[in-house]
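S.K.: Below you'll find the structure I mean.
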Amino acid sequence: TNKRVRRLHSDRGGEFVNHDLKEFISKKGILHELTAADSPQSNSVAERFNLTLFDTIRSLEHSYGIPKQLWTELAATSVYLRNCLPHKFNNNISPYERFYGKEPSLTHLCVIWADAFVHLVKRKQVSKLAPRATRLKLIGYEFDGAYRCWDDNRQEIVISRDVTFDETSALELAKDYIPPEELYEVEEILDSRDGPEGPEFLCKWLGFEDEDNTWEPIENVNHLTVFANYINEKTAIALSAASTEEPQTYKQALSSDDAPKWTEAINAELKSLDTHDTGEVINPKSLPHNQRPIRTKWVFKIKQDLDGQPQRYKARLVVKGFEQRYGIDYNETYAPVAKIATQRVLLALAASLDLKCHQMDVVTAFLNGSVTEMILIYAPEGSGFPPRTILRLRKRLANDNAVYIRTLPESDSSQYISVYVDDLLIFAKNKSEMSSIKASLHNEFNTTNLGKVNHYLGMRVRRDYTRHVIYLDQESYVNDILERFGMQDCKPVNTPMDQTKLEPYEVENTKTSPNPQEGEYREIVGSLMYLMICTRPDIAVAVSMLSRFASNPSPQHLQAAKRVLRYLRGTSTYSLCIGGNNVTLHGYSDADWGNNIIDRRSITGYLFCIGNAGPVTWASKRQPTVALSSTEAEYMALSFATQETTWLRSLLQELQIPEYLDENARSTTIYKDNQSCISLAMNPVHHARTKHIDIRHHFIRDHVDKEIHLEYLPTAEMVADSLTKPLPAPAFKYHRENMCIKHYNNTITPMTKASMTELPNENERWPLGVSYMYNILNTVLKTIEDNNVFSASSSSSSSNNNNNNNNNNDLKDNDDDDEDDDDEETPMEGVESTTPPIDTLFGDSDSGDKGRHLTDEDDE
Numbered sequence: 001t002n003k004r005v006r007r008l009h010s011d012r013g014g015e016f017v018n019h020d021l022k023e024f025i026s027k028k029g030i031l032h033e034l035t036a037a038d039s040p041q042s043n044s045v046a047e048r049f050n051l052t053l054f055d056t057i058r059s060l061e062h063s064y065g066i067p068k069q070l071w072t073e074l075a076a077t078s079v080y081l082r083n084c085l086p087h088k089f090n091n092n093i094s095p096y097e098r099f100y101g102k103e104p105s106l107t108h109l110c111v112i113w114a115d116a117f118v119h120l121v122k123r124k125q126v127s128k129l130a131p132r133a134t135r136l137k138l139i140g141y142e143f144d145g146a147y148r149c150w151d152d153n154r155q156e157i158v159i160s161r162d163v164t165f166d167e168t169s170a171l172e173l174a175k176d177y178i179p180p181e182e183l184y185e186v187e188e189i190l191d192s193r194d195g196p197e198g199p200e201f202l203c204k205w206l207g208f209e210d211e212d213n214t215w216e217p218i219e220n221v222n223h224l225t226v227f228a229n230y231i232n233e234k235t236a237i238a239l240s241a242a243s244t245e246e247p248q249t250y251k252q253a254l255s256s257d258d259a260p261k262w263t264e265a266i267n268a269e270l271k272s273l274d275t276h277d278t279g280e281v282i283n284p285k286s287l288p289h290n291q292r293p294i295r296t297k298w299v300f301k302i303k304q305d306l307d308g309q310p311q312r313y314k315a316r317l318v319v320k321g322f323e324q325r326y327g328i329d330y331n332e333t334y335a336p337v338a339k340i341a342t343q344r345v346l347l348a349l350a351a352s353l354d355l356k357c358h359q360m361d362v363v364t365a366f367l368n369g370s371v372t373e374m375i376l377i378y379a380p381e382g383s384g385f386p387p388r389t390i391l392r393l394r395k396r397l398a399n400d401n402a403v404y405i406r407t408l409p410e411s412d413s414s415q416y417i418s419v420y421v422d423d424l425l426i427f428a429k430n431k432s433e434m435s436s437i438k439a440s441l442h443n444e445f446n447t448t449n450l451g452k453v454n455h456y457l458g459m460r461v462r463r464d465y466t467r468h469v470i471y472l473d474q475e476s477y478v479n480d481i482l483e484r485f486g487m488q489d490c491k492p493v494n495t496p497m498d499q500t501k502l503e504p505y506e507v508e509n510t511k512t513s514p515n516p517q518e519g520e521y522r523e524i525v526g527s528l529m530y531l532m533i534c535t536r537p538d539i540a541v542a543v544s545m546l547s548r549f550a551s552n553p554s555p556q557h558l559q560a561a562k563r564v565l566r567y568l569r570g571t572s573t574y575s576l577c578i579g580g581n582n583v584t585l586h587g588y589s590d591a592d593w594g595n596n597i598i599d600r601r602s603i604t605g606y607l608f609c610i611g612n613a614g615p616v617t618w619a620s621k622r623q624p625t626v627a628l629s630s631t632e633a634e635y636m637a638l639s640f641a642t643q644e645t646t647w648l649r650s651l652l653q654e655l656q657i658p659e660y661l662d663e664n665a666r667s668t669t670i671y672k673d674n675q676s677c678i679s680l681a682m683n684p685v686h687h688a689r690t691k692h693i694d695i696r697h698h699f700i701r702d703h704v705d706k707e708i709h710l711e712y713l714p715t716a717e718m719v720a721d722s723l724t725k726p727l728p729a730p731a732f733k734y735h736r737e738n739m740c741i742k743h744y745n746n747t748i749t750p751m752t753k754a755s756m757t758e759l760p761n762e763n764e765r766w767p768l769g770v771s772y773m774y775n776i777l778n779t780v781l782k783t784i785e786d787n788n789v790f791s792a793s794s795s796s797s798s799s800n801n802n803n804n805n806n807n808n809n810d811l812k813d814n815d816d817d818d819e820d821d822d823d824e825e826t827p828m829e830g831v832e833s834t835t836p837p838i839d840t841l842f843g844d845s846d847s848g849d850k851g852r853h854l855t856d857e858d859d860e
C-alpha cells in the first residue's frame, strides 16, 4: 500500500511495553508515544473502542452460547467487520476503503456461529459412503477470503475456503445463561439424603452442566456465596497478547508466530549436540540383528520471568524411551534424584537462615555422560541429515539429579547446589560466596545466570525477607488445567471432596467395552498429582482416594475428580508459606481407622515443618495391612512418620545444619492425638491387644527419646487430620490455615521468641499454624496458681484487666481473605480478667522454638 506507520500512541500496558515490540518499532523507525500512568483519558479513542469491542463480544457470547475461550477470535472478527463499515470521521467511508483505496467486498459475510459445512478433500475421506463435509461453526474470517471455523470435537480452529453455510442455525436460542453478577439459582432438586451435619439436597444449578450438581446443606440451598473473577478490558487484551503456547511438535514450532525464536533454539541445541560429539553416523548394513533405531522427539519449553513474560525459548532433543527394550537398549534406570521435598527443605532453610537463592541453567547439561551401550537413533528433524539416517549415541540423553554441598576453609557456612536436570538452585550466605560458586560453575560448564529464583519446576517463588518466609504457588498451572478440562468457568466449592464414600465401579463387560470416562479421569488425576506433590497438601486426601479408581472410573468418580477442579477454581491464588525464624523440625501424625469401605484399611496422614510456617513434606496414603484397633492404626501411622523423621534428620545433618550435627542434637517432636499410641511407643511392653503388631513397626521405640519426642495434641487441633479423610468445610478451612495455605497477601508474620511480648497491630495477625490449646490452658492454670492471682489487690487486678482487654483487641483476627466458606465459626468466649498478661504466660517458655503459633483460640 506504500503506507507506513510513523507514530504509535498507547498506554503503558505490558503488551506495549516489552522487548519484542520495542525491537520491532525500532527497526521500522516508528515513534512510540506513551501516556501517563493511570490516565486512560489520555488514550480515550482506544479506550472507547475497547469498550465497544467487548460489548460486541459479550453480546455474541451470550446470544449464541459461544465458548468463552474463543473471545479472542470474536474480538478479531469484530475488528474485521468494523473495518468494513462506514465511519462518519472518514467521510462515511470504511477504514478498509480509506486504507486500500477500494470498497470492501461483503458477499462472503455470514452470520457468526452459523453451521459451516467444511468440504473434505478426497484423501481425508474414509470411504465412498463417508460424508463429504464436516459440520463446524463459523467464528471469523481470513483476509484472503477463507473462513475460520471452530471444531468443537477437536477443540481447534479450521481454516478453509470451501465452506457451505446454514445461517438459520445461528438463530436458535442458546441455553439459559446466568451472568456471574447474579446469585446461583437451583433449577431442580434431584435427590436428598441425611448428611453429617443434617439434611442435604442434590442440586442441579441453572446454567450449569450435570457434572456440576452438588450436595448442599438445607441452609445453603436458597443463598450461596457468589464466586466470580473480574477483569477489565485492558487486562484481558494484555493477557491474551502475553500468552504464548508451547508447540508440541517440530512442525508446530516452525509454523507458529514465534517460528524465528524456535528456529534459533533448535539450532542452538543442534550446535551443542555437535560440540559435545554426541553421535556418529553409521551404516545400516553393519547393525546387529537385534538392534533397531529409536525415534527422537523435540520438546519445546518457554521459560518465563516473574511477570509471566517469555524470558527464554528452549528446544531439547529427547529419545522416545518407551521404544527401548530392557537388556538390549538399556540395563539401568536408577538415578539419584533431588526430589521436590528436598527442594522445599532447601527453600525453607534459605528463608530461615537468610541464605541467598539464585538460579542457573546449564546448557545441554545432559550431554556430560558417556554411553557404554549401543543406542541407535534416527537423525532428528531439522538436523540436515537425509531421512532415516541412523546415528549412534556417544553421550547420554539423561542426567543425574542430586544436592551438592561445598564448604570453604575460610568460611563458616556451606553453600548448596540443587541439580534438577539442567536447572540449578544455588544457596549461599552472601554475595561474594554466590559470585564465587557461580564463577566456578561457569568455568566448568556452559551456564546461564538467571539471577534470583522466581520460577522453579513450575512453582512461582516469592520471598519475604523481613518475615523469613518463602511463598510457593502454581496459579498458572492451576489455570492451565482448568482450561484444559473446560472448567475455567465452573462454580467453585468450599472443599476438594465431600464426605460421600466412593465405591468401585462394577459394570458388566468392562474388558470388552471401553470405559468412556477413563482417559479424561486419568488425565485429571495425573494433573492433580503434580500439584499436590509440589505445593498443595490440602488436596492430598482427594488425590489419594481418586487414584485408587484410575483403572476403572465411574461417572461418579469423574464427578468427584471435577469437584477438586472446582475447589481449585476458588483457590487458584493460594500459596504455601514455608520457613520462619528457626530451623526446628517438628511433625504431626494421624490415622483414620478403617476408613476404606472396600478393604477396611486405615489411612495414614502426616506432615513435617521446618520453622514455624507450613510443611515441607506430607503424605496421605493407605496402610498396607488392616488394623484391628484405632491404637494400632495410629501406631502404624506413627511408624511411617518416624521413617520420614529419620530421612529429614539425616538430610539436615548432611546439609551441616548446626542444630543436628552433634550427638546431643535436639529431638524432633511428633504430635499425636492418641494417648494409647503414645504409651505403646514409650513403654516397651507386650500386651495381648498389641502383640500381633508387625515387629517392623516397633522400631519406633528405638527412636523415642533419642531422635523423636512424642507429645499429645487434641484431635480438634491435629492438622494431620485433614490428611486422613474428607472433613466438613469449617474443620477443613481451619486445618488448611494451620498448614499455612492461603491467598498470598504478604501479611503473615512468623512468631519469634523476642517478639512474643510485642503484639501486632490491627492490620496484622499471628502466623497460621497449629495452636497448642491443651498446653496453653495448663500453663494458664499453673501461672494462676503460682502467682496467687485470686488474692491479688484490686488495683493489680484492674491493671491486669486493662492489659488483657488491650491484648485481646490487638489480636483480633482480620482474616477476610477466604470468601469460599459459607459457614461462620462462633468464637470461643474470652477468659476472665484474672488471666495474666501474654508476656507473663509465654515470656519464659521455649515453645516458640518448637514452631508454636497463636490462633484465634489462643487469643481468646
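With the UniProt record's numbering, letter number 700 in the sequence shown gets 700, and the count goes up by one each step, no holes.
Using N, Cα and C, we set each Cβ at its ideal position, and we do this for glycine too.
Remember, it's a predicted structure, so these values are computed and weren't measured experimentally.
#1: Within this structure, are the beta carbons of residue 861 and D673 separated by less than 8 angstroms?
#2: Just tell me which of N449, I670, D721 has its CA closest to the CA of T642.
#3: Beta carbon of R601, beta carbon of C490: below 8 angstroms?
#4: Whole angstroms are fine: how far does the CA of P104 sit from the CA of E97?
#5: Suppose you measure from the CA of S436 to the CA of Y456; what does that come to, to the nearest Å?
#6: How is S791 classed by DSSP in three states: helix, strand or coil?
#7: Report the CB separation of T535 from Q474 in whole angstroms; it is logged as a contact under 8 angstroms.
#8: Going by DSSP, what residue range makes up the alpha helix (DSSP H) through Y465?
#9: In terms of residue numbering, what span does the alpha helix (DSSP H) encompassing T52 cover?
#10: For a test of the three-state rule: what should DSSP assign to D721, helix, strand or coil?
#11: Would a C-beta distance cut-off of 8 angstroms place I741 and L576 closer than the cut-off?
#12: Let me know if R736 comes out buried or exposed under the rule of 16 or more other beta-carbons within 10 Å of its beta-carbon.
#13: What are the start and end residues of the beta strand (DSSP E) that includes K314?
#14: Nearest to W618 by CA position, among L136, T724, K251, A665, is which residue?
#15: With H, G and I counted as helix, E and B as strand and the rest as coil, what does DSSP make of D818?
#16: Using a Cβ-Cβ cut-off of 6 angstroms (strictly less than) and excluding sequence neighbours within five positions of R566, which residues of its own chain qualify?
#17: From the DSSP output, in three-state form, read off P386 for me.
#18: Compare the beta carbon distance of V421 and A402 with 8 angstroms and say whether it is the shorter of the two.
#19: When the Cα atoms are used, what is the spatial distance from Q415 to R463?
#20: Taking contact to mean 3 or more Cβ pairs, one atom from each stretch, closer than 8 angstroms, check whether the segment 651-668 and the segment 624-635 are in contact.
#21: How long is the line joining the alpha carbons of L652 and T407, rounded to whole angstroms?
#22: Opposite R135 in the DSSP bridges: which residues?
#23: Do R292 and Y378 have their CB atoms nearer than 8 angstroms?
#24: Going by DSSP in three states, K706 sits in which element: helix, strand or coil?
#25: Among all the DSSP beta bridges, which residues are the ones paired with Q359?
#26: Per DSSP, which residues does S547 bridge with? Please list them.
#27: Near T164, what residues of its chain come up, given a Cβ to Cβ distance below 6 angstroms and the 5 sequence neighbours on each side ignored?
#28: With distances taken between CB atoms, is the gap from V616 to S352 smaller than 8 angstroms?
#29: So, using beta-carbon positions, are F300 and P380 closer together than 8 angstroms?
#30: Roughly how far, in whole angstroms, is the beta-carbon of Y477 from the beta-carbon of L531, given that I think they are within contact range, below 8 angstroms?
#31: Closest to R115 by CA distance: which of A75, C84, Y64 is it?
#32: With burial defined as no fewer than 16 other Cβ atoms inside 10 Å of the residue's Cβ, what is the status of Y141: buried or exposed?
#33: In three-state DSSP terms, what is H586?
#34: Do L349 and I610 have their C-beta atoms closer together than 8 angstroms?
#35: Rounded to whole angstroms, what's the CA-CA distance from H743 to L70? Just pull it up for me.
#36: Assign H87 to one of two classes, buried (16 or more other C-beta atoms within 10 Å of its C-beta) or exposed (fewer than that).
M.R.: Quick answer:
#1: Examination of residue 861 is not possible in this model, given that the chain is present from 1 through 860 alone.
#2: I670
#3: No, these two residues do not count as a Cβ contact at 8 angstroms.
#4: 7 angstroms
#5: 22 angstroms
#6: Low per-residue confidence applies at S791: pLDDT is 47, beneath 50, and the placement is therefore not dependable enough to give any value.
#7: 5 angstroms
#8: No alpha helix (DSSP H) holds Y465; DSSP gives it neither H nor E.
#9: 44-64
#10: helix
#11: yes
#12: buried
#13: 310-319
#14: T724
#15: Its pLDDT being 38, under 50, D818 is placed unreliably in this model, and the coordinates cannot settle the point.
#16: C490, P492, V493
#17: coil
#18: no
#19: 19 angstroms
#20: The answer is no - the segment 624-635 does not touch the segment 651-668, with fewer than three Cβ pairs under 8 angstroms.
#21: 15 angstroms
#22: F117
#23: no
#24: coil
#25: L425
#26: Beta bridge pairing from DSSP links S547 with no other residue.
#27: Within the same chain, and ignoring the five residues on either side of T164 in sequence, the residues whose Cβ sits closer than 6 angstroms to its Cβ are F117.
#28: no
#29: no
#30: 6 angstroms
#31: The sequence shown places Asp at residue 115, not Arg. When only C-alpha atoms are compared, the closest one is Y64.
#32: buried
#33: Here H586 carries a strand assignment [DSSP, helix/strand/coil].
#34: yes
#35: 29 angstroms
#36: exposed
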